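Report on the structure given below.
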Amino acid sequence: MFEEQRTECQREEDELAVALTKLKCSESYACSLEDEHQLLQKRIAELEAKRAELEAAVAAESKVNEKQLSNATAASGGIDEEERQKLLKEIESLKSSLARDRDAAQMARETMNNLSQLISAKDSELIKLNASFDALRSERDELVRLVQDKHAESLQYHAEVQRLTQLLGDQTANLQKSVAERDSLTQDLAAKEQDAVWLRNELQVLKQRLSNVEDASNSALEHCGVAEHTLLERELEATREARAGLERSAQDAATEIVFLRQQLAEAQDKESLACKERDRLRDHLMEIEAGRTEEQLQTEEIQRALEARLAQAEEQLKNSSTMYTSASIRAQQQVETLQQQLALMAQQRDDLQNKISAAEDKVASYTASLTNLQLVLEQFQRGTSCLSFLEFPSCIFMGINVYFWNFTEREKDIHAATEKVRVELQESFNKQDALNKEIAHLKEQLNDARECLLAASRLSDQLDKRSERIEQLNQEERIEQQYTKHITHFNVSDGVGSPSIILGNDHVF
0 MFEEQRTECQ REEDELAVAL TKLKCSESYA CSLEDEHQLL QKRIAELEAK RAELEAAVAA
60 ESKVNEKQLS NATAASGGID EEERQKLLKE IESLKSSLAR DRDAAQMARE TMNNLSQLIS
120 AKDSELIKLN ASFDALRSER DELVRLVQDK HAESLQYHAE VQRLTQLLGD QTANLQKSVA
180 ERDSLTQDLA AKEQDAVWLR NELQVLKQRL SNVEDASNSA LEHCGVAEHT LLERELEATR
240 EARAGLERSA QDAATEIVFL RQQLAEAQDK ESLACKERDR LRDHLMEIEA GRTEEQLQTE
300 EIQRALEARL AQAEEQLKNS STMYTSASIR AQQQVETLQQ QLALMAQQRD DLQNKISAAE
360 DKVASYTASL TNLQLVLEQF QRGTSCLSFL EFPSCIFMGI NVYFWNFTER EKDIHAATEK
420 VRVELQESFN KQDALNKEIA HLKEQLNDAR ECLLAASRLS DQLDKRSERI EQLNQEERIE
480 QQYTKHITHF NVSDGVGSPS IILGNDHVF
């Protein structure tokens, strides 16, 4: 029995090792998902930082371009309409880039919302699983307590049965001894009674002979002489002595017969007491066996109910595992979608960098043109410094005023467009911050989901342990059934040889 329990313990350890390996694999998979999520978060943060730097650089370059354009316009008389159109096209391209970024952010937000809904559904499922886990844990605790109580009662019953079996064996041995003594005393009594009968017969014969001798003596006294009379007296004396000896022998035999009858009565009393004790012990064993049978039936009923609950819990666990697998696949698909969006945003970043490079080239050309214009103006100012201001025609001043008015209007338009782009960039920043907050919330939900998955894994391990415990209870029940068969065989069998068989089986048990 201890060897079987040791084997069961070894098997439980092996299954626990397998379950632990599965749990580690699931934890590694969850960690890999977490790492991928963190990597994706890091890439999004890097992309946001680069985008912010790019937008800041665009804003700075726009300011520099505005200043340089205003300086170039003031120095050279303004930029033609073609350059203005180019700037407006660049602004429109920046707006379209911002619109695409806004669309990408909207797609990311939708993806995050889907993930949030998925995680909420998983949270509700995990709440249900936790409730089921708590119920199963309470049932497991109750089952463990019941098993411990039944095990203690079984040990107590086993000890009681062993004690009663030993006592019954002792009583049976005493009964056998009493029966042997009774048989021996009966045989001795029969022999003594035969001896007593023989002695009575001999005594009767001697009495008859004595009577005959006395009669012969009396008749001889009348007819015979002194010698014959003396001989007859001697023969009569010898016959009397023989009769006295036979009487003493008969009295001794009678005394011994009385003693043997007393011993026989005592042996019969002992046999009767031993039979009563054997019947009492047998009835007690029957009561114990009936109680054990009833408890065994109750245990089997509880076991069937628990097996049904276990099957239901395993089905729920299987369904939750399937749902978790599908959720993992959907999460993987959403991660791939986010990666594609990241690739698209990286491409947009490259396009913006190319546009910034082109704008820097234009700024460099404008700077060179501005430098040339400044040199021309300086030369012109050196050549006309000696002329009076009043010598210039009024139409020149009017043209200059009109030009500055047009330049002011253009500057206002450029400033308004730049401000609009800045507002859109700020909105994009705000949306990006909201996305970061959603990503952080999703990260927390993923951590909660991971903890719930670990709890589900522990639940699976505990279900496996309970199945093993049920199997162990079945093994103990089979052993008890085997022992019950031996007890039933003892109760049914009659004679002296059965207790020894029971004792032998009990010793094996």
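Under numbering that gives the first Met the number 0, the residues of the sequence shown are numbered 0 to 508, in order.
Think of the CB as a built atom: it goes at the ideal place given N, C-alpha and C, for glycine as much as any other residue.
Model, not experiment: these values are computed from the prediction.
Quick check: the segment 148 to 168 against the segment 239 to 259, are at least 3 beta-carbon pairs closer than 8 Å? no
Using the Cα positions of residue 360 and residue 367, report the straight-line distance between them to the nearest angstrom. By one-based count along the sequence shown, residue 360 stands at place 361. By one-based count along the sequence shown, residue 367 stands at place 368. Approximately 11 Å between the Cα atoms of the pair.
Using a Cβ-Cβ cut-off of 6 Å (strictly less than) and excluding sequence neighbours within five positions of residue 187, which residues of its own chain qualify? Numbered from 1 along the sequence shown, position 188 holds the residue referred to as residue 187. Closer than 6 Å at the Cβ level, and outside the excluded window around residue 187, lie 259.
Assuming the contact rule is C-beta atoms closer than 8 Å, residue 184 and residue 262 should be a hit. Round their C-beta distance to whole Å, please. Taking the sequence shown and counting its residues from 1, one reaches residue 184 at position 185. Taking the sequence shown and counting its residues from 1, one reaches residue 262 at position 263. Right, the Cβ-Cβ distance comes to about 5 Å (below 8 Å), so this counts as a contact.
Which parts of the segment 254 to 334 are runs of the alpha helix (DSSP H), unbroken and 4 residues or longer, counting only runs that do not cross its ends? none
In angstroms with no decimal places, state the Cα-to-Cα distance between residue 519 and residue 471. Residue 519 is absent from the structure shown; the chain starts at 0 and stops at 508.
Please confirm whether residue 245 and residue 192 have their CB atoms less than 8 Å apart. For this step, residue 245 is matched to residue 246 along the sequence shown. For this step, residue 192 is matched to residue 193 along the sequence shown. No, Cβ-Cβ distance for residue 245 and residue 192 is not below 8 Å.
Here's a check: name, in chain order, each residue in its chain whose Cβ is nearer than 6 Å to the Cβ of residue 173, leaving out the five neighbours to either side. Counting from 1 along the sequence shown, the entry for residue 173 is found at position 174. Closer than 6 Å at the Cβ level, and outside the excluded window around residue 173, lie 273.
Report back the beta-carbon spacing between residue 175 and residue 276 to the nearest angstrom; my notes put them in contact at under 8 Å. What you label residue 175 is simply residue 176 of the sequence shown in a count that begins at 1. What you label residue 276 is simply residue 277 of the sequence shown in a count that begins at 1. That pair is no contact at about 13 Å.
Have a look at residue 178 and residue 167 and give me their C-alpha separation to the nearest angstrom. Along the sequence shown, read from residue 1 onward, the residue named residue 178 stands at position 179. Along the sequence shown, read from residue 1 onward, the residue named residue 167 stands at position 168. So the two alpha carbons sit approximately 16 Å from each other.
Considering only the beta carbon of each residue, do residue 131 and residue 312 sit closer than 8 Å? Counting from one through the sequence shown, the residue named residue 131 turns up at place 132. Counting from one through the sequence shown, the residue named residue 312 turns up at place 313. It is a contact, given that the beta carbons lie within the stated cut-off.
Rounded straight-line distance, which links the Cα of residue 271 to that of residue 250: By 1-based counting over the sequence shown, the position of residue 250 is 251. By 1-based counting over the sequence shown, the position of residue 271 is 272. Spanning the two alpha carbons is a distance of roughly 31 Å.
For residue 503, three-class secondary structure by DSSP: Locating residue 503 in the sequence shown gives position 504, where the first residue counts as 1. Reliability of the predicted coordinates at residue 503 is poor, the pLDDT of 36 falling under 50, and the value obtained from them is presented with this limitation in mind. Three-state result, residue 503: helix.
Under 8 Å between the Cβ atoms of residue 256 and residue 159? As a working mapping, residue 256 is identified with position 257 in the sequence shown. As a working mapping, residue 159 is identified with position 160 in the sequence shown. Result no, Cβ atoms of residue 256 and residue 159 do not sit closer than 8 Å.
Throw me the rounded Cβ distance for the residue 195 and residue 252 pair, which I believe falls under 8 Å. On the sequence shown, residue 195 is found 196 positions in, with the first residue counted as 1. On the sequence shown, residue 252 is found 253 positions in, with the first residue counted as 1. That pair is a contact at about 4 Å.
Could you check if residue 266 is buried or exposed, using at least 16 other CB atoms within 10 Å of its CB as the buried criterion? As a first step, residue 266 must be located in the sequence shown, where it is residue number 267. Label assigned to residue 266: buried.
Just to confirm, is the Cβ distance from residue 284 to residue 163 under 8 Å? Looking up residue 284 in the sequence shown gives position 285. Looking up residue 163 in the sequence shown gives position 164. Contact flag set, yes.
Answer yes or no: do residue 248 and residue 198 have a C-beta to C-beta separation smaller than 8 Å? For the purposes of this step, residue 248 is taken as the residue at position 249 of the sequence shown. For the purposes of this step, residue 198 is taken as the residue at position 199 of the sequence shown. Yes.
If you count every other CB in all the chains shown that lies within 10 Å of the CB of residue 401, and 16 or more means buried, which is it? Position 402 of the sequence shown, counted from the start, is the residue given in the question as residue 401. With a pLDDT of only 48 at residue 401, under 50, the local geometry of the prediction cannot be trusted, and the value read off the model is given with reservation. With fewer than 16 other Cβ atoms within 10 Å, it is exposed.
With a 10 Å radius around its C-beta and 16 neighbouring C-beta atoms as the bar for buried, classify residue 515 as buried or exposed. The structure shown does not extend to residue 515, since the chain is modelled only from 0 to 508, so the question has no answer here.
Tell me the rounded alpha-carbon separation between residue 294 and residue 126. Translated into positions along the sequence shown, residue 294 becomes position 295. Translated into positions along the sequence shown, residue 126 becomes position 127. Looking at the two C-alpha atoms, the distance is approximately 37 Å.
For residue 280, collect the residues of the same chain with a Cβ closer than 6 Å to its Cβ; drop the 5 residues on either side in sequence, then sort them by chain order. The sequence position of residue 280 within the sequence shown is 281, counting from 1. So the qualifying residues of the chain are 163, 167.
By a C-beta neighbour count over all protein chains shown, 10 Å radius and 16 as the cutoff for buried, is residue 291 buried or exposed? Here residue 291 corresponds to residue number 292 of the sequence shown, with the count starting at 1. Buried.
To which residues of the same chain is residue 140 closer than 7 Å at the C-beta, ignoring the five residues directly before and after it? Position 141 of the sequence shown, counting from 1, holds the residue named residue 140. Correct list: empty, nothing qualifies.
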